[in-house]
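Below is one structure, written out as C-alpha cells; the observations come after it.
Protein chains in written order, with the numbering used here: chain A, 348 to 710; chain B, 98 to 423.
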C-alpha cells in the first residue's frame with residue numbers, strides 16, 4: 348500500500364513522519380503549484396468549490412508518483428465537503444485510475460467502518476498501537492503549527508522580514524529529504540533556533556489581524572496566495588483561527604465535547620447564529636468576536652468562491668462589524684483570483700487599521 | 098524656481114501625472130492612455146514635464162495604481178500607496194467632511210466610506226468587471242457612439258429602457274435585443290447608465306451606508322449620464338471634483354508631501370530619467386512546477402529589478418546585490 352493524502356498547509360509534515368513511523372510507505376504530492384490547480388480545474392466540475400479542484404490535482408500528481416491509496420477525512424456535515432470522497436473517487440475512476448479510498452468518517456457514522464479503516468491504515472493490530480502512534484502524530488502537528496506561528500510573529504517584528512521567508516523556504520526544502528519522527532523533530536528544532544536568531548525591531552507595536560473563514564483557504568498558503576507572508580511583510584502580526592492543531596484538539600482530542608476555545612466561539616456566536624450552518628460558518632462568526640475580545644485590530648475572512656457556509660457567515664459578519672465598529676474584510680478566492688487586486692485590498696485594509704489605531708492613540 | 102510634488106497613478110487604462118505645490122494646488126496634470134506600455138508612457142509623460150518647465154525641482158514623488166511597483170522602480174518614489182488610500186486622501190482634500198467616495202475606473206470600481214476623516218470601510222469589485230468603465234466602453238462601441246458623447250446622448254432620453262446589467266456580455270445581448278425592438282438609441286444609452294449604477298450599488302455598494310456628501314471620481318465621472326443616474330438612484334447630490342480623472346495621482350502627491358516632510362529627502366531620480374533606456378525581459382523559471390514568469394528590468398544595461406517569482410529565488414538575488422553595493 349502506497350499511501351497519499353491531499354495537501355493542507357503543513358499537515359503533510361506531521362502526516363509523513365507519522366505514517367513512516369508506523370511503517371507505512373507515504374507518497375506526498377508535490378507542493379501545490381499552478382500545475383496542480385490547472386489539472387484540478389480541468390477535471391473537476393466547474394462550479395465546485397476550490398479545495399476539491401486542488402485536491403484532484405494533488406491526487407493525480409501523487410498517482411503519477413506511484414500512490415495507490417488515498418486517505419481523506421469525511422465530514423457528513425451540511426457542506427459539500429461531505430461529498431468530496433465520493434465525487435473524487437468518481438472523477439479519478441473516470442480518468443482511468445484504479446485507486447483505493449480510505450475515508451475516516453466521524454464516529455457517529457458507525458464505529459466499525461472507522462475502526463476497520465484505522466487498523467488498515469495504521470497497520471495496527473489493537474487500539475493501543477493506534478493510541479501510541481496518535482500521540483506521536485499529535486506532537487508533530489503541534490510542533491509544525493507552532494513553528495509556522497513563530498515565523499508569523501518573527502516576520503511582523505523582524506528588521507528584515509525576508510530573512511524569515513528564506514529560513515522557512517529552506518525548512519520546506521529539507522522536509523522533503525527528512526524521514527521519520529525523530530529527524531523531523533530535530534529539523535523543526537533547528538529551524539526554530541534559526542528563527543529565534545532573526546533580529547527584531549525593539550518597541551514595535553504591530554497591527555494584529557486574525558484570519559478567519561473556511562478552513563482550507565485559511566490553512567493552505569498556495570490557495571490564499573501566501574496571505575500570512577504578504578501581511579507579515581507589511582509588519583502585521585497574523586494569527587489563524589483554524590490550524591491543524593486546533594482542528595485535532597476540537598474533533599479528535601476532546602471528542603465528543605469539543606475544545607474549550609471552539610466552545611467559547613460557539614458561545615460568542617450565539618447572539619448572531621445559534622445553529623450549525625455547515626462547514627465552519629458558526630466558528631467564523633465566533634472567531635471574529637473572539638479576536639475582537641482579544642484586542643485584535645481587525646479580521647480577514649477567507650472563503651473559496653461559492654462556499655455555502657461562509658456566505659452565511661459573511662452576511663452576518665457585516666452586522667458584527669457594525670455593532671462593534673470592528674473592521675472585517677472578506678476575500679473570495681478561486682482560480683481566477685488576480686494577485687494584484689488581492690494585494691491592493693490587503694494594503695488598503697492595513698492602512699485603514701493603522702489610521703484607526705493612530706486615531707485612537709492620539710485622537 | 099518652481100518646486101512641486103509629483104503624483105503618478107499608473108492604472109490599467111490611464112497613466113496620470115500631476116504636479117502639486119506645497120498648498121495642494123495642482124499646476125499641471127497629464128492624462129495619458131497606458132495602452133499596455135506603462136514604461137514608455139511614463140517616460141513620455143515625464144519627458145513632457147521636462148520640456149514644459151525649464152527650471153523644476155521635484156520635492157517628492159508618490160506612486161499609486163495597479164502599476165505602482167513598476168513605476169516605483171522606474172522613477173524612484175518616496176511612497177508607494179494603494180489606490181484606495183490615495184483616492185481617500187485626495188477626496189478629503191476636496192471636501193474635508195466627505196463621507197462617501199464612489200470611484201469608478203477602467204477595470205475597478207470602489208466605494209470608500211469615511212467617517213470623521215478616517216477610512217472606516219471600503220469595497221472593491223471582486224470577481225467581475227461589469228460595473229466599470231470597460232463595460233460602458235464596450236457597449237458604446239456596440240452602439241456606434243463615441244464614449245465621450247455617451248453621457249450627452251443618455252441625457253436626451255425621457256424614457257429609459259431597462260437593460261440587464263449583471264454581466265457585460267449578457268447586457269450586450271439584451272441591448273441588441275432592445276435595439277432590434279426599435280428602441281431609441283438615447284433611451285438605450287440611459288438604460289445602460291442606469292444598469293451600471295444599479296450593478297455598482299448592488300455589488301460594490303451592497304450593505305454599505307451611503308451618506309452625503311458623496312464624491313464621485315475616476316474616469317467614468319466624466320460621463321454626465323452616469324452622474325445623473327447616481328443622483329436619481331441615491332436621491333442625493335453627487336459631487337464631482339474638478340480633477341476627478343487624476344484623483345489617485347493627487348492623493349499620491351499629497352502622501353509624498355507628508356512622507357518627504359518626515360524623511361527630509363526624496364528618492365526621485367530626476368526628470369532626465371526619460372532619456373534612459375529601459376529594457377524589460379521576461380522568462381519562465383523552470384526551477385519547479387509553478388513555472389513562474391519572472392520579469393527583469395534593466396536601466397541602461399544595469400539590472401534594476403526582478404520580480405514575479407513565488408519563491409524569491411530571482412528577486413532575492415537583487416536584494417543581496419543591493420546590500421553589497423550599499
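Ideal Cβ positions, reconstructed from N, Cα and C, are used throughout, including at glycine. Quantities reported herein were computed from a predicted structural model and do not represent experimental measurements.
Nearest Cα to residue 369/A within the set 479/A, 520/A, 608/A, 664/A: 479/A. By the criterion of at least three beta-carbon pairs nearer than 8 Å, the segment 356-369 of chain A is in contact with the segment 491-503 of chain A. When secondary structure is reduced to three states using DSSP, residue 277/B falls in the helix class.
Contact check between the segment 127-144 of chain B and the segment 689-703 of chain A: fewer than three CB pairs, one atom from each, fall below 8 Å, which does not count as touching. Taking 7 Å as the cut-off between beta carbons, the residues of the segment 172-190 of chain B near chain A are 179, 180, 181, 182, in sequence order. Residues of chain B with a Cβ closer than 8 Å to the Cβ of residue 367/A do not exist; the shortest Cβ-Cβ separation is about 24 Å.
If you ignore the 5 residues before and after residue 646/A, its C-beta comes within less than 6 Å of the C-beta of 557, 559, 635, 638, 675, all in its own chain and listed in chain order. Residue 238/B and residue 293/B have their C-alpha atoms some 16 Å from each other. Every alpha helix (DSSP H) of 4 residues or more that sits fully in the segment 505-543 of chain A is shown, in chain order, as 508-522. When 339/B, 291/B, 348/B are compared, the shortest CA-CA separation from residue 325/B is found for 291/B. The beta carbon of residue 377/B sits closer than 6 Å to those of 394, all from its chain and outside the five residues before and after it, given in chain order. DSSP, read as helix, strand or coil, puts residue 402/B in strand. According to the DSSP secondary-structure assignment, residue 376/B is paired through a beta bridge with 395/B. Note on geometry: alpha-carbon atoms of residue 305/B and residue 362/A lie some 44 Å from one another. Per DSSP, residue 388/B lies in no beta strand (DSSP E) segment and is marked neither H nor E.
Among the CB atoms of chain A, one or more fall inside 8 Å of the CB of residue 215/B. One thing to note: residue 653/A has its Cβ no nearer than 8 Å to the Cβ of residue 579/A.
Among the bridge pairs identified by DSSP, residue 554/A is matched with 583/A. For residue 477/A and residue 390/A, the gap between their C-alpha atoms comes out near 36 Å. Going by beta carbons, residue 450/A and residue 505/A fall outside the 8 Å limit. Residues of chain B whose Cβ lies closer than 7 Å to the Cβ of residue 665/A are, in chain order, 304. Residue contact with chain A for residue 386/B: present (Cβ-Cβ distance below 8 Å to some residue of chain A). Runs of the alpha helix (DSSP H) lying entirely within the segment 654-703 of chain A and spanning at least 4 residues, in chain order: 655-671. Nearest CB-CB separation between residue 680/A and chain B: not below the 8 Å threshold. Here the segment 351-358 of chain B makes contact with the segment 175-186 of chain B; the two share three or more CB pairs at distances below 8 Å. Check the Cα spacing between residue 663/A and each of 681/A, 630/A, 682/A, 641/A: the tightest is with 630/A.
Sequence-distant Cβ neighbours of residue 390/B in its own chain, meaning closer than 7 Å and more than five residues away, are 379, 381, 405. Taking the CA atoms as reference points, residue 210/B sits about 19 Å from residue 229/B. Using a 10 angstroms sphere on the CB of residue 360/B, the tally of other CB atoms stays under 16, which defines it as exposed. Taking 8 Å as the cut-off, the beta carbon of residue 406/A is found no closer than this to the beta carbon of residue 432/A. Here the C-alpha atom of residue 514/A lies approximately 22 Å from the C-alpha atom of residue 375/A.
Contact between the segment 309-328 of chain B and the segment 675-688 of chain A is absent, with fewer than three C-beta pairs closer than 8 Å. Nearest to residue 185/B by C-alpha distance, out of 161/B, 373/B, 166/B, 170/B, is 161/B. One finds 509, 512, 513, 516 in chain A with Cβ atoms closer than 9 Å to the Cβ of residue 409/B, taken in chain order. Among the residues facing chain B, residue 695/A is included, as its CB has a counterpart in that chain under 8 Å away.
Residue 344/B counts as buried, since at least 16 other C-beta atoms from the protein chains shown sit within 10 angstroms of its C-beta.
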